[in-house]
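The numbering used here puts the first residue of the sequence shown at 13, with every later residue one more than the last.
Inspection log for the structure reproduced underneath, given as structure tokens.
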Amino acid sequence: MENYRSRHDELTKKIDSDATISNWRDWQWQLRNSIKKISTFETLTGIHFSDEERKSLEETVGKFPLSITPYYLSLIQVDDYQNDPIFLQSFADPRELIVQDWEKEDPLSEDEDSPVPGITHRYPDRVLFHISNVCSMYCRHCTRKRKVGDVDYIPAKDQVIQGLDYIKNTPQVRDVLLSGGDPLMLSDQYLDWILGELRKIPHVEVVRIGSRMPVVLPYRITDELVEMLKKHHPVWLNTHFNHPREITHSSRKALTKLADAGIPLGNQSVLLAGVNDCPRLMKTLVQKLVRNRVRPYYLYQCDLSEGLTHFRTPVGKGIEILESLIGHTSGFAVPTYVIDAPGGGGKIPVMPNYLLSWSPHKVILRNYEGVITTYQEPEHYQDPGCDGDCERCTLQLKFDDAEEFNAVGLEKLLSNWDETTSLTPENTERMERRDGGDQ
Numbered sequence: 013m014e015n016y017r018s019r020h021d022e023l024t025k026k027i028d029s030d031a032t033i034s035n036w037r038d039w040q041w042q043l044r045n046s047i048k049k050i051s052t053f054e055t056l057t058g059i060h061f062s063d064e065e066r067k068s069l070e071e072t073v074g075k076f077p078l079s080i081t082p083y084y085l086s087l088i089q090v091d092d093y094q095n096d097p098i099f100l101q102s103f104a105d106p107r108e109l110i111v112q113d114w115e116k117e118d119p120l121s122e123d124e125d126s127p128v129p130g131i132t133h134r135y136p137d138r139v140l141f142h143i144s145n146v147c148s149m150y151c152r153h154c155t156r157k158r159k160v161g162d163v164d165y166i167p168a169k170d171q172v173i174q175g176l177d178y179i180k181n182t183p184q185v186r187d188v189l190l191s192g193g194d195p196l197m198l199s200d201q202y203l204d205w206i207l208g209e210l211r212k213i214p215h216v217e218v219v220r221i222g223s224r225m226p227v228v229l230p231y232r233i234t235d236e237l238v239e240m241l242k243k244h245h246p247v248w249l250n251t252h253f254n255h256p257r258e259i260t261h262s263s264r265k266a267l268t269k270l271a272d273a274g275i276p277l278g279n280q281s282v283l284l285a286g287v288n289d290c291p292r293l294m295k296t297l298v299q300k301l302v303r304n305r306v307r308p309y310y311l312y313q314c315d316l317s318e319g320l321t322h323f324r325t326p327v328g329k330g331i332e333i334l335e336s337l338i339g340h341t342s343g344f345a346v347p348t349y350v351i352d353a354p355g356g357g358g359k360i361p362v363m364p365n366y367l368l369s370w371s372p373h374k375v376i377l378r379n380y381e382g383v384i385t386t387y388q389e390p391e392h393y394q395d396p397g398c399d400g401d402c403e404r405c406t407l408q409l410k411f412d413d414a415e416e417f418n419a420v421g422l423e424k425l426l427s428n429w430d431e432t433t434s435l436t437p438e439n440t441e442r443m444e445r446r447d448g449g450d451q
């Protein structure tokens, strides 16, 4: 902790001689002082590149911009920066200019599944709502490198309104994911307005926010932001930790604020060669996450975006990592390993094979240890089938909340849903008189 404080003090003064540690914790100061030039990076870190290296790096930054928050920069281990996971995710690499034939600007065909600007509607009941294409840091492995940092793709308010109108007029949409860029780059007031407009739509049941702020700029998670988000429950937040070293004192504090506010937290990691392609490392990451009340949600195979070949691993590496997690740690600490299918096919789960074979009577399974076992199928199961006639179905197809009306005795008196104030035994003479009996 003290090492980080001294490093922060040192970097703060290098950036602005008049600044203090309170400036360092100001997320807007962090944004104003983001590292966007290679020369600035060299000055702040003490890492220096040769003229030839600098020329290649400048060419890379010319196509894919550089932007690193001072906070995230402070996490780089400069004595081994070439292998440092923070450096590899944040600093330009000339290999990004190597574009393979199968790599695409829009590998997931998000633009093709966009009925109106800013909306991607791929799945039946949910949409992706792009409300900001600006990030506090430009991750080198970003699947939307075509948009991030390009001022031509910053959504204007009228585009956001157009997206809101699409959601209002599409009643099957029950789940809206706010994405970008990073939605938390918007001001509290603007984000409050968007969330408020979504909450007015009766069929929108849940809103999710995708943000890497807890990782790269945890100071953005202010008390004011959290209080605003609480007004719009149910709000979920998925973040993007890729390596255990990204979980710092400051990021833990940010996660605590969000979790204490009742915001369910998930994490979406990307499998990256040289960064986290190690079973032991990933096990450490997921266990650190759950310790901070963040559930590992997805482990993504790296997308086929332009210039990401050096980050991609074989799919078999992801399977190996899952084999090291399933059965070896808590089930809720195991993410779903997915390939986001090129061409817009959506997320396809990829799992180790635990179902070995089956017949009409038995299923043959193996567990995480390699134990092979059988599961006996039921002998007299009758499939209810489905002919689409729900009115005649024997299943109780009642989807409304159950009414809590079956309480009896003292439970009824203590309940909040029954107006009964007293319980009277049968055959009480006084009650019989009230009912018209003998006077």
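Every residue, glycine too, gets a C-beta built ideally from N, C-alpha and C.
The structure presented is a predicted model; accordingly, all values stated were derived computationally and were not measured.
For this session: Would you kindly work out how many angstroms separate the C-alpha atoms of Thr325 and Pro136, rounded to a whole number?
Result: Cα atoms of Thr325 and Pro136: separation of roughly 31 Å, rounded to the nearest angstrom.
Problem set entry | Alpha-carbon spacing of Phe323 relative to Gln94, whole angstroms | Their backbone Cα atoms lie some 14 Å apart in a straight line.
For this session: Spatial neighbours of Arg220 within its chain, please: CB distance less than 8 Å, with the 5 preceding and 5 following residues excluded, ordered by chain position.
Result: Asp187, Val188, Leu189, Leu190, Val247, Trp248, Leu249 and Asn250, listed in sequence order.
Exercise. Between Arg107 and Val287, what straight-line distance do the alpha-carbon atoms span, to the nearest angstrom?
Worked result: Each residue's alpha carbon lies about 15 Å from the other.
Exercise. In this structure, what does DSSP give as the bridge partners for Tyr493?
Worked result: Any question about residue 493 goes unanswered here, given that the chain covers just 13 to 451.
Exercise. Do you know offhand how far Pro129's Cα is from Ala168's?
Worked result: Those two C-alpha atoms are separated by around 10 Å.
For this session: Please report how far the alpha carbon of Arg152 lies from the alpha carbon of Pro390, in whole angstroms.
Result: In a straight line, the C-alpha of Arg152 is about 52 Å away from that of Pro390.
Problem set entry | Unbroken alpha helix (DSSP H) run spanning Pro354, endpoints | Where Pro354 is concerned, there is no enclosing alpha helix (DSSP H), given that its DSSP letter is neither H nor E.
For this session: Would you list, in sequence order, the uninterrupted beta strand (DSSP E) runs of no fewer than 3 residues that lie entirely inside the stretch 282-337?
Result: Complete beta strand (DSSP E) runs here, min 3: 306-313.
For this session: Measure how close the beta-carbons of Glu115 and Leu237 come, nearest whole angstrom, since I'm counting them as under 8 Å.
Result: That pair is no contact at about 36 Å.
Exercise. What residues are listed by DSSP as bridge partners for Arg220?
Worked result: Partner residues in the beta bridge of Arg220, as assigned by DSSP, are Leu189 and Trp248.
Problem set entry | Inter-residue Cα distance where the pair is Phe99 and Pro372 | Cα to Cα, Phe99 sits roughly 54 Å from Pro372.
Exercise. Going by beta carbon distance, what residues of the same chain come within less than 8 Å of Gln40, once the five residues before and after it are set aside?
Worked result: The answer is none, since no qualifying residue turns up.
Exercise. From this set, Ser126, Lys67 and Leu85, which residue's C-alpha is nearest Asp105's C-alpha?
Worked result: When only C-alpha atoms are compared, the closest one is Lys67.
Problem set entry | One or two residues paired with Tyr387 in a DSSP bridge | Under DSSP, Tyr387 shares a beta bridge with Val375.
Problem set entry | Burial state of Tyr387, where buried means 16 or more other Cβ atoms lie within 10 Å | Counting every other CB atom within 10 Å of its CB across the protein chains shown gives Tyr387 a total below 16, marking it as exposed.
For this session: In angstroms with no decimal places, state the Cα-to-Cα distance between Ile206 and Val420.
Result: If I take the Cα positions, the gap works out to 46 Å.
For this session: Classify Arg156 as helix, strand or coil using the three-state DSSP reduction.
Result: If DSSP states are grouped into helix, strand and coil, Arg156 belongs with coil.
For this session: In the DSSP assignment, find the beta strand (DSSP E) that holds Arg138 and state where it starts and stops.
Result: That run of the beta strand (DSSP E) goes Arg138 to Ser144.
Problem set entry | First and last residue of the uninterrupted beta strand (DSSP E) at Ile131 | According to the DSSP assignment, Ile131 belongs to the beta strand (DSSP E) that extends over Ile131 to Tyr135.
Exercise. In terms of alpha-carbon separation, which member of Val218, Gly175, Asp177 and Cys154 lies closest to Asp194?
Worked result: With respect to the C-alpha of Asp194, the residue from Val218, Gly175, Asp177 and Cys154 having the closest C-alpha is Cys154.
For this session: For Lys243, I'd like the list of residues in its chain whose CB is within less than 6 Å of its CB, leaving aside the five on either flank, ordered along the chain.
Result: Counting only Cβ-Cβ distances below 6 Å, and skipping sequence neighbours, we find nothing.
Exercise. For Asp164, which residues of its own chain have a beta-carbon under 8 Å away from its beta-carbon, when the five flanking residues on both sides are left out?
Worked result: With a pLDDT of only 48 at Asp164, under the threshold of 50, the placement of this residue in the model should not be trusted, and no figure is reported.
Exercise. Assuming Ile80 contacts Ile50 under a Cβ cut-off of 8 Å, what Cβ separation, rounded to an integer in Å, is found between them?
Worked result: Not confirmed; about 11 Å, so no contact.
Problem set entry | Pair within 8 Å by beta-carbon distance, Gly358 and Arg156 | Going by C-beta atoms, Gly358 is not nearer than 8 Å to Arg156.
Problem set entry | Separation of Gly397 from Ser148, as counted between CA atoms | When rounded, the separation of the alpha-carbon atoms in Ser148 and Gly397 is 52 Å.
Problem set entry | Close beta carbons around Thr57, own chain, < 8 Å, minus the five adjacent residues each side | Annotation for Thr57: Leu85, Ile88, Val90 and Tyr93 place their beta carbon closer than 8 Å to its own, counting only its chain and skipping 5 residues before and after.
Exercise. Shortest alpha-carbon distance to Tyr150 belongs to which of Ile143, Leu176, Gly192 and Asn181?
Worked result: Put simply, of Ile143, Leu176, Gly192 and Asn181 the residue whose alpha carbon is nearest the alpha carbon of Tyr150 is Gly192.
Problem set entry | Exposure label - Thr72; buried when at least 16 CB within 10 Å | Classified as buried, Thr72 has 16 or more neighbouring CB atoms from the shown chains inside 10 Å of its CB.
Problem set entry | Reference Lys212; option with closest CA among Asp430, Lys180, Tyr231 and Leu43 | With distances taken between Cα atoms, Lys212 lies closest to Lys180.
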